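**Student:** One structure is given below, represented as structure tokens, and several questions about it will come after.
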DNA sequence: TTGTATGCGTTATCAC
DNA sequence: GTGATAACGCATACAA
């Protein structure tokens, strides 16, 4: 029971006929319009329920000109950082009855643009999370993507709202911390070339490198494996402290160090970015620049929502991250 | 440039008028029907391009009766295991021009059903990943959810295809491994009560517990924090080996053990399930039951695709996991 | 090969 | 308050 034979698809008209009212009335009832006689409304609801009627969302979308869907586009869904942002958007959007479509661009800048455009046709708005697309290209397609909001990226020329993190500030905190611990030789595990955040961190790193210090940049990437592979090379630079592009690569490096018997932080200190959940449970626990990941998503939604409903747009926001000092950093070996 | 003024939304009719053909022809061209004069087709394409026309996917969905969208519903998007399944589905679906909507039920069985139904209205089919919903309830709404495929779950009474993992086999491998190492006191960090996989593992665990062994079940959950919290209690049972419901809780426990100075595997061995990427990079590296996560997603898609196109349905498949022995397990302390 | 007409399921604008 | 009716943008029989 419960299952059984059924009309393949029950439409608003079937309900209308069964309830002996017009389709318009059924529509009003389903949308909780107040302009319907309460008694009639109840009857319609019962009929609808008994028939198992559920409005076709696609048709609604067409008729109303909005789908109730937004999309979040991320470079790598496997990164807990982006998942948190996604969760933030999802939660916030859900509270306003919006659903979230997620699209993974797999760190491919070319595809990102295509995906964004294609996705935009199915949803009411976009959240572009750390987009890898060039400024110019983003500018070129901006109008076709609107409304959208940028996370971790600022593109001059568009009036798209942006929520971001002041990574430079985080970098300064890291360098101050490492300096205090006596480190003078730093290696940076560089992220994806197309990542603007990577550029940002790198530049801040360079700016914060004093004359008494050296900074070596090691090509890396954004995944575990990248950090694992780069760990050796980082060590070869003679660095006593390794700063990872993000927590994932930092943890990858941590894994390699453990494997080859390099003590952390005894022999080398390790720092990450983002403060993903896993960073708290590694051995040693990872010192990292903590960013309010979910809040980024929430704020992104607020702005997207404002655009969707033509409300006043909150100003761009930039979060100042906090250095979370844990076990993976220590004084330089004497 | 690139941006600038333009008709808010350009429809097929505008293209038709500009190209001096009928809307039907434009439609045919956009859908690459062969029955169009090549010369005409090119003209239409150029006009469409110059106007920046892009078909409204919502309208297409309504007209064709299919959206080109499928949804994956997971209990916890934060779990790398489900992300991998999701990725598998996404990749496979993309190759057939389907897009994937992802929905997180946040481990809430009640909401899962609602979400599934609501989501189903927007997509052509569903992948239910480790659904927490009761068998009966799932049966009740099965017809409203079809077509759908189950991952990590088998519901008798539905003819929904299922792709799953033989966790019992994995459990036996774990117990054999631990037995060989001399462990006789095992603690199991139990997962969400609604998780069928958890039941499966627990039962297999009990079945594999010989008279010479004891098995203590410690209430836990599915997140890092759960494992972290449960670690103490697991230790208090006197166990020399801790089996986590999944890798995430196992890593959480690992973190706690490290924090309180309990050596792994010296004092206690730890085992997980799934073999998420992080398991390879922890210290010590986590011994775990490795399941082909992405392949689960791929196989799920194959079945969903078959249903969508009314092709012959591949038989249900059950993967036999492989025990990945790494550093977190060792001989019992003598 | 191309155009015309109709339908997809709902919402919204009108009259009543 | 309620009911026809016209969009919404596109795809597709059917006709030409």
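Protein chains in written order, with our numbering: chain A, 1 to 334; chain B, 335 to 668. For every residue, glycine included, the Cβ atom is placed at its ideal position computed from N, Cα and C. None of these values were measured; they are calculated from a predicted model.
1. Does residue 401 of chain B have its Cβ less than 8 Å from a Cβ in chain A?
2. Spell out whether any CB of chain A is found under 8 Å from the CB atom of residue 558 of chain B.
3. As an exercise, report each continuous alpha helix (DSSP H) stretch of at least 4 residues that is fully enclosed by the region 339-417 of chain B, in chain order.
4. In whole angstroms, give me the CA-to-CA distance for residue 461 of chain B and residue 105 of chain A.
5. May I have the straight-line CA-CA distance separating residue 444 of chain B from residue 235 of chain A, to the nearest angstrom?
6. Using three-state DSSP, classify residue 660 of chain B as helix, strand or coil.
7. Excluding the five sequence neighbours on either side, which residues of its own chain have a C-beta within less than 7 Å of the C-beta of residue 90 of chain A, listed in chain order?
8. For the pair the region 117-131 of chain A and the region 57-71 of chain A, tell me if three or more CB-CB distances fall below 8 Å.
9. Locate the beta strand (DSSP E) running through residue 170 of chain A, then write down its first and last residues.
10. Which two residues bound the contiguous beta strand (DSSP E) that contains residue 272 of chain A?
11. So which residues of chain A does residue 612 of chain B contact, with C-beta pairs closer than 8 Å?
12. Cutting at 7 Å between CB atoms, please list the residues of its own chain near residue 651 of chain B, excluding the five before and the five after it.
13. CA-CA distance, residue 66 of chain A and residue 60 of chain A?
14. Quick one: residues in its chain with C-beta nearer than 7 Å to the C-beta of residue 324 of chain A, no 5 flanking neighbours on either side, listed in chain order?
15. Short of 8 Å Cβ to Cβ, which residues in the region 457-491 of chain B face chain A?
16. Can you give me the start and stop residues for the beta strand (DSSP E) that residue 652 of chain B sits inside?
17. Considering just the uninterrupted stretch of the beta strand (DSSP E) at residue 482 of chain B, what are its terminal residues?
18. Assign residue 505 of chain B to buried or exposed, taking buried as 16 or more other Cβ atoms, counted over all protein chains shown, within 10 Å of its Cβ.
19. Residue 594 of chain B: buried (16+ other C-beta within 10 angstroms of its C-beta) or exposed?
20. Using only CA atoms, which one of A:79, A:55, A:53 and A:184 lies nearest to residue 248 of chain A?
21. Name the chain B residues whose beta carbon is nearer than 8 Å to that of residue 83 of chain A?
22. Roughly how many whole angstroms lie between the Cα atoms of residue 591 of chain B and residue 186 of chain A?
23. Is the shortest distance between the beta-carbon of residue 388 of chain B and the beta-carbons of chain A less than 8 Å?
24. Could you check how far apart the C-beta atoms of residue 450 of chain B and residue 479 of chain B are, in whole angstroms? I think they sit under 8 Å.
25. So, with DSSP's three-state summary, where would you put residue 99 of chain A?
26. List the whole-angstrom C-beta distance separating residue 88 of chain A from residue 293 of chain A, where the pair is believed to meet the contact cut-off of C-beta under 8 Å.
27. Quick check on DSSP: helix, strand or coil for residue 492 of chain B?
28. Going along the chain, which residues of the region 259-289 of chain A sit with their C-beta nearer than 8 Å to a C-beta in chain B?
29. Quick one: any contact between the region 164-183 of chain A and the region 204-211 of chain A, if contact means 3 or more CB pairs under 8 Å?
30. Taking only beta-carbon positions, decide if residue 391 of chain B is within less than 8 Å of chain A.
31. Against chain A, which members of the region 424-445 of chain B pass a CB distance test of less than 7 Å?
32. Nearest to residue 589 of chain B by CA position, among B:353, B:374 and B:662, is which residue?
33. Is residue 524 of chain B near residue 559 of chain B, with beta carbons less than 8 Å apart?
34. Please compile the residues from chain B whose C-beta is within a distance smaller than 7 Å of the C-beta of residue 61 of chain A.
35. Specify the secondary structure class of residue 298 of chain A as computed by DSSP and reduced to three states.
36. In chain A, what lies closer than 9 Å to residue 579 of chain B by C-beta?
**Tutor:** Concretely, from the data shown:
1. Reading the second chain from its first residue, position 67 is the one you call residue 401 of chain B. Using a CB distance cut-off of 8 Å, residue 401 of chain B counts as an interface residue toward chain A.
2. In the second chain, residue 558 of chain B corresponds to position 224, counting from 1. Closer than 8 Å to some Cβ of chain A, the Cβ of residue 558 of chain B qualifies, so yes.
3. Within the region 339-417 of chain B, the complete alpha helix (DSSP H) runs of at least 4 residues are 346-353, 357-364, 372-385 and 391-398.
4. Within the second chain, the letter at position 127 stands for residue 461 of chain B. Within the first chain, the letter at position 105 stands for residue 105 of chain A. Their backbone Cα atoms lie some 21 Å apart in a straight line.
5. Here residue 444 of chain B refers to the residue found at position 110 when the second chain is read from its first residue. Here residue 235 of chain A refers to the residue found at position 235 when the first chain is read from its first residue. So the alpha carbons of these two residues sit roughly 51 Å apart.
6. On the second chain, position 326 is the one that residue 660 of chain B refers to. Assignment of residue 660 of chain B by DSSP, reduced to helix, strand and coil, places it in the coil class.
7. For the purposes of this step, residue 90 of chain A is identified with residue 90 of the first chain, where counting begins at 1. So the list reads 100, once near-sequence residues are dropped.
8. Touching, yes, given that three or more Cβ pairs across the two stretches are closer than 8 Å.
9. For the purposes of this step, residue 170 of chain A is taken as residue 170 along the first chain, with counting starting at 1. Unbroken run through residue 170 of chain A is the alpha helix (DSSP H), 167-180; no beta strand (DSSP E).
10. Within the first chain, numbered from 1, the residue matching residue 272 of chain A stands at position 272. Segment 269-274, the beta strand (DSSP E) holding residue 272 of chain A.
11. Mapped onto the second chain, residue 612 of chain B falls at position 278. By Cβ distance, chain A contributes 224, 251 and 278.
12. Taking the second chain and counting its residues from 1, the one referred to as residue 651 of chain B is at position 317. These residues qualify, in order along the chain: 497 and 633.
13. Locating residue 66 of chain A in the first chain gives position 66, counting from the first residue. Locating residue 60 of chain A in the first chain gives position 60, counting from the first residue. If you take the alpha carbons of residue 66 of chain A and residue 60 of chain A, they lie about 8 Å apart.
14. Position 324 of the first chain holds residue 324 of chain A. For residue 324 of chain A, where only same-chain residues beyond five positions count, the Cβ hits under 7 Å are 275, 287, 288 and 290.
15. Those residues of the region 457-491 of chain B placed with their C-beta closer than 8 Å to a C-beta in chain A are 473, 474, 475, 476, 477 and 478, ordered along the chain.
16. Translated into positions along the second chain, residue 652 of chain B becomes position 318. Per DSSP, residue 652 of chain B belongs to the beta strand (DSSP E) from 651-653.
17. For this step, residue 482 of chain B is matched to residue 148 along the second chain. Unbroken beta strand (DSSP E) run through residue 482 of chain B: 482-485.
18. The count along the second chain starts at 1 and reaches residue 505 of chain B at position 171. With 16 or more other CB atoms across the displayed protein chains lying within 10 angstroms of its CB, residue 505 of chain B is buried.
19. Your numbering for residue 594 of chain B matches position 260 in the second chain. Flag for residue 594 of chain B reads exposed.
20. Position 248 of the first chain, counting from 1, holds the residue named residue 248 of chain A. Ranking A:79, A:55, A:53 and A:184 by Cα distance to residue 248 of chain A puts A:79 first.
21. Numbered from 1 along the first chain, position 83 holds the residue referred to as residue 83 of chain A. In chain order: 411, 412 and 417.
22. Sequence index remark: in the second chain, residue 591 of chain B carries index 257 (1-based). Sequence index remark: in the first chain, residue 186 of chain A carries index 186 (1-based). The straight-line gap from Cα to Cα measures roughly 30 Å.
23. In the second chain, residue 388 of chain B corresponds to position 54, counting from 1. Interface residue, yes.
24. Against the second chain, residue 450 of chain B aligns to sequence position 116. Against the second chain, residue 479 of chain B aligns to sequence position 145. Sure, about 6 Å apart at Cβ, within 8 Å.
25. Position 99 of the first chain, counting from 1, holds the residue named residue 99 of chain A. In the structure shown, residue 99 of chain A sits in a strand (DSSP, three-state: E or B).
26. To locate residue 88 of chain A, count along the first chain from 1; it is residue 88. To locate residue 293 of chain A, count along the first chain from 1; it is residue 293. Sure, about 7 Å apart at Cβ, within 8 Å.
27. Taking the first residue of the second chain as 1, we reach residue 492 of chain B at position 158. DSSP places residue 492 of chain B in the strand class (E or B) of the three-state scheme.
28. 259, 277, 278, 280, 281, 282, 283, 284 and 285
29. Yes: at least three Cβ pairs fall under 8 Å.
30. As a first step, residue 391 of chain B must be located in the second chain, where it is residue number 57. Cβ-Cβ to chain A under 8 Å: yes for residue 391 of chain B.
31. 424, 435, 436 and 438
32. As a first step, residue 589 of chain B is located in the second chain; it is residue number 255 there, counting from the start. When only C-alpha atoms are compared, the closest one is B:662.
33. Mapped onto the second chain, residue 524 of chain B falls at position 190. Mapped onto the second chain, residue 559 of chain B falls at position 225. Their beta carbons are not under 8 Å apart, which means residue 524 of chain B does not touch residue 559 of chain B by this criterion.
34. Translated into positions along the first chain, residue 61 of chain A becomes position 61. Within 7 Å Cβ-Cβ: 392.
35. In the first chain, the residue the question calls residue 298 of chain A occupies position 298. Reduced to three states, the DSSP call for residue 298 of chain A is helix.
36. Taking the second chain and counting its residues from 1, one reaches residue 579 of chain B at position 245. Those within 9 Å of residue 579 of chain B in chain A number zero; the least Cβ separation is about 15 Å.
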